[in-house]
Amino acid sequence: MSVDLSSIATLGLVDSITLVMSGLFLLVVLSYYVVLILPRRKDLTRMRFGSLTIIVPARNEAPYIAECLQSLQRAAFSGRKQIIVVDDASHDSTAAIAKLHGVEVLRNNRQLGKSASINRALKRANGELIAIVDGDSIIAPDALMLLAKELSKKNMGAAAAVVKVRNKSRFINPWVHLELMYSSFIRSILARIDANTVTPGALSMYRREALDTIGGFSVKGFSEDVDVAVRLLRSGYRVGFCDRAISETYMPETIKSFFRQRTRVARGLINILKRHVQFNSALIDLYAMPLLMFTYVQSVIMGIITIYKVTSGYFLYFADKGIYLSWDVVKFFIEWFSLIGFVKWTWNVFSGNEPLTIVAMIGIISTLLSYPLFLYAIVRYDKGLQLSHIIPFVFMFPYWLLLMLIYLICMPEVFFKDQHNMWKKNEK
């Protein structure tokens, strides 16, 4: 069996674009494997920290803030621990509940936004280390100690934790849970070469001196967790990752709140790219930022192509023949939107029933290489495969397609100049 290279010359526009995007995606996946097999840097812990301030920016977090604060108070730290909750003009009882837990509470008289709320708390913080924990997140008992150890490494300015979904059985969250674990694993890979550009709000820790160096959190843009990491990297600091430090966060449980959150993420990423992409020889500009850009571009382009192929296939094989719903139609969509279709297609290619084109070969290789990373993330962070993983894992593609469509819908953000760091995650 050989690859039909002659087919390249006769590729149409859609297949040509697919070839380019699939080829770039294969290079990205291969780069992950290259980083994984590189010898890990042997970092010695160089210092101990005697004080930590945990800042909890919160807006309308009444259902979750008590559980969050209880986890922070239980979490171990070998030194002084200060907890500051900043209530960003909530409409509910967030501030009152926080006060019942004996922590310091700052309340904004009007909504300032997440970054401005954090910066306000920084003025009251007395810790050598600063941890940021969203008001709807619950951290593991050893998470603070583990992140502090990561920050004791040379030139480390920030350290990110693994993020999982707390309410993972609700709504679309079985899929979100797998997505967050995979994203955490990719951050762990990128952190090995100082290319991690995300310090998630669910739990990240910073050296106070590093935050002071960059002037705290920027109020520009929605994605403060990416913005602060990028600015730390550009200032010469490293952004680490601890894959044993765990935070679980509550994710949206309604269509409206899900789309609000995800459009915010997509629009925030566009703003990050507009403000931070530079053409320099630093690793962040040669790899990390291009990777962020490719993630968005690939999502938009492949989302369009996928919709085109699914729609055209449905009309070609069924609708044009007067067949709108049948068992064959159901099988068609199941195969498109699940691993079942990929397995069947791969088998047909290697058994000679489908042509082994360069497009097919790249698609098969990139998929076969990416799914082991996905499985490893699940096993590592959820301590093994569970029945609850099977359906979202097998039918992950519809979820990816949904995110692609959201990225596509948010493309007009390219033409807007400003974003101010306001949040509406838990507003109905």
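Letter by letter, the sequence shown follows residues 175 to 602 in my numbering.
Just so you know, even glycine gets a beta-carbon here, dropped at the ideal spot from N, CA and C.
- Within the model, the alpha-carbon separation for Asn370 versus Phe468 is close to 15 angstroms.
- Contact between Ala232 and Ile239 holds, since their C-beta atoms are separated by about 6 angstroms, short of 8 angstroms.
- In this structure the stretch 373–384 lies against the stretch 300–310, because at least three pairs of beta carbons, one per stretch, are closer than 8 angstroms.
- Going by DSSP, Ser378 is part of the beta strand (DSSP E) stretching over 378–381.
- The stretch 332–349 makes no contact with the stretch 528–547, as fewer than three CB pairs between them are under 8 angstroms.
- With 16 or more other Cβ atoms inside 10 Å of its own Cβ, Lys288 counts as buried.
- The three-state reading of DSSP puts Ile228 in strand, counting E and B together.
- In its chain, beyond the 5 residues on either side, Val260, Leu280, Asn282, Leu286 have a beta carbon closer than 8 angstroms to the beta carbon of Arg294.
- Taking a 10 Å sphere around the C-beta of Gly537, we find 16 or more other C-beta atoms and assign the residue as buried.
- Just so you know, the alpha carbons of Ser205 and Leu561 end up roughly 31 angstroms apart.
- Close CB contacts of Ala551 within its chain, under the 6 angstroms cut and outside five residues either way in sequence, are with Met355, Tyr356, Phe359 (chain order).
- The three-state secondary structure of Arg434, taken from DSSP, is helix.
- With respect to Glu302, Ala419 sits apart: the two C-beta atoms are not nearer than 9 angstroms.
- In the DSSP assignment, Phe396 forms no beta bridge with any residue.
- As summarised for the stretch 504–552, the continuous alpha helix (DSSP H) elements at least 4 residues long and confined to that stretch are 513–524, given in chain order.
- DSSP links His594 through a beta bridge to Lys394.
- Non-local beta-carbon contacts of Phe199 in its own chain, meaning distances under 6 angstroms to residues more than five positions away in sequence, involve Ser540 in chain order.
- About 6 angstroms separates the beta carbons of Val413 and Thr373, which is inside the 8 angstroms limit, making them a contact pair.
- In the three-state scheme derived from DSSP, where H, G and I count as helix and E and B as strand, Glu324 is classed as helix.
- Rounded to the nearest angstrom, the Cβ distance from Val194 to Leu465 is 16 angstroms, too far for a contact under 8 angstroms.
- Residue state for Thr480 is assigned as helix, using DSSP reduced to three classes.
- Of the other Cβ atoms in all chains shown, fewer than 16 fall within 10 Å of the Cβ of Met221; this residue is therefore exposed.
- The alpha-carbon of Arg381 is positioned some 59 angstroms away from that of Leu490.
- Rounded to the nearest angstrom, the Cβ distance from Val350 to Met425 is 5 angstroms, consistent with a contact under 8 angstroms.
- If you look at Val350, you'll find it in the alpha helix (DSSP H) that goes 347–365.
- Ile458 and Ala384 have their alpha carbons spaced roughly 18 angstroms apart.
- Asp266 is positioned such that its CB atom lies closer than 9 angstroms to that of Asn234.
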